[in-house]
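Participant: Following this message is one structure expressed as structure tokens.
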Amino acid sequence: MPEVPENPASPLEVIALPAFQDNYIWLLAGPGGDCIVVDPGDAAPVLAAASRGLRPVAVLLTHHHPDHVGGVQAVLEAFPVPCHGPDDPRMPSGTTQVADGDQVKVPALGASFDVIAVPGHTRSHIAFHGAGLLLCGDTLFSLGCGRLFEGSPAQMLASLDRLAALPGDTRVCCAHEYTEANGRFAREAEPGNPDRDQRLDDVRQLRARGEPSLPVSLASERACNPFLRVDTPQVRESIGRRLGRPPRDRLETFAELRAWKDGFAG
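Position 153, counted from 1, in the sequence shown is what full-length UniProt numbering calls 153; the numbers after and before it change by one each time, with no gaps.
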């Protein structure tokens, strides 16, 4: 497993608030208690954190699904702060629309985030990259990627390529605790990956202690996540066995890999 130290450039404490069955609402907190709230599908965990001294100063939204935006109005009623999200009529009212290449600044924390368009899971999905962090919603998961509800395999592959090109010490804040389940599929898709096996050993220990498996370094994901490794011989060979022939190109490899995962019951 690549050794990647925690990014020293980020002054923000990263807090994962569990919500629903397996969601994480991310809080990015400064030393004084001001914090950014990411994808508050449920307001209750955010308001509970606020009762303990954290103060939301901004809200970031990656996409329109209810488990990511369902608590936005209640959070904004309690804390009328800027809320930034994708250009999509399905986003909550009061959302300031941002698009690929925009930059969101949070002056209270001295932080800024670049907006990256990552269509695939939904057509308007975005990610935020800044302060050494990647807030990627349901596009990239540890050892996996999001389902294609609105986009095409080509769109999702291009989105993952963009994210994979970010610095390796970027800490990836995925929106769901799917790592162990994704790992079972990753073992089938790319047998014999020792970095992945070490990652899963670490995850088992974290989860046994009741800790999240996230954030994870992007370098680790590049070494372990089969959806970022469609050009590697083992992944191509696995897909070739399913197709009965070598895949034509990396897009066919990715598309078949995603379709395999959709029906995977391991």
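Beta carbons are placed, not taken as given, at the ideal position from N, Cα and C, and that holds for glycine.
CB-CB under 6 Å to residue 278, same chain, minus the five flanking residues each way: which ones, in chain order?
Facilitator: The requested residue 278 is not part of the displayed model; the chain covers only 1 to 266.
Participant: Let's see if you can read the secondary structure: which residues bound the alpha helix (DSSP H) around F128?
Facilitator: Segment 126-130 is the beta strand (DSSP E) holding F128; no alpha helix (DSSP H) there.
Participant: Which runs of the beta strand (DSSP E) fall wholly inside the UniProt domain "Metallo-beta-lactamase" (22-176) and span at least 3 residues, in chain order?
Facilitator: 23-29, 34-38, 55-60, 83-86, 96-98, 103-106, 111-117, 126-130, 133-137, 171-174
Participant: Checking 8 Å against the spacing of the C-beta atoms, do L157 and L251 come in under that value?
Facilitator: yes
Participant: Across which residues does DSSP place I15 in a beta bridge pair?
Facilitator: L27
Participant: Please work out which residues of its chain come closer than 7 Å, Cβ to Cβ, to P191, disregarding the five sequence neighbours upstream and downstream, and give them in chain order.
Facilitator: Excluding positions up to five away in sequence, the list reads Q234.
Participant: Determine which residues share a DSSP beta bridge with S217 and list them.
Facilitator: According to DSSP, which records beta bridges pairwise, S217 is partnered with R171.
Participant: Straight-line CA distance for A131 to G85?
Facilitator: 18 Å
Participant: Could you give the DSSP three-state label for N182: helix, strand or coil?
Facilitator: helix
Participant: By DSSP, does R248 sit in helix, in strand, or in coil?
Facilitator: coil
Participant: Would you call the CB atoms of A154 and T139 closer than 8 Å?
Facilitator: no
Participant: As a quick exercise: from V72, E221, S152, pick the residue whose alpha carbon is nearest that of C83.
Facilitator: V72
Participant: Does the Cβ-Cβ distance between P56 and V46 come in under 8 Å?
Facilitator: yes
Participant: Exposed or buried, what is D42 when buried is set at 16 or more other beta-carbons lying within 10 Å of its beta-carbon?
Facilitator: Buried is the call here.
Participant: What did DSSP end up calling E256 once you bin it into helix, strand or coil?
Facilitator: Assignment of E256 by DSSP, reduced to helix, strand and coil, places it in the helix class.
Participant: E188 to G53, Cα distance in whole Å?
Facilitator: Cα to Cα, the separation comes out at about 45 Å.
Participant: Kindly indicate the opening and closing residues of the alpha helix (DSSP H) around P233.
Facilitator: 233-243
Participant: In three-state DSSP terms, what is N226?
Facilitator: According to the sequence as given, residue 226 is Pro; it is not Asn. It is helical.
Participant: DSSP three-state label for P191, please.
Facilitator: coil
Participant: Consider the C-beta atom of F185 and the heavy atoms of the ligand GDP; say whether any pair is separated by less than 7 Å.
Facilitator: Among the ligands in the structure shown, none appear at all, so the ligand GDP cannot be discussed.
Participant: Using CA atoms only, rank isn't needed, just tell me which of S159, A108, G101, A99 is closest to G120.
Facilitator: S159
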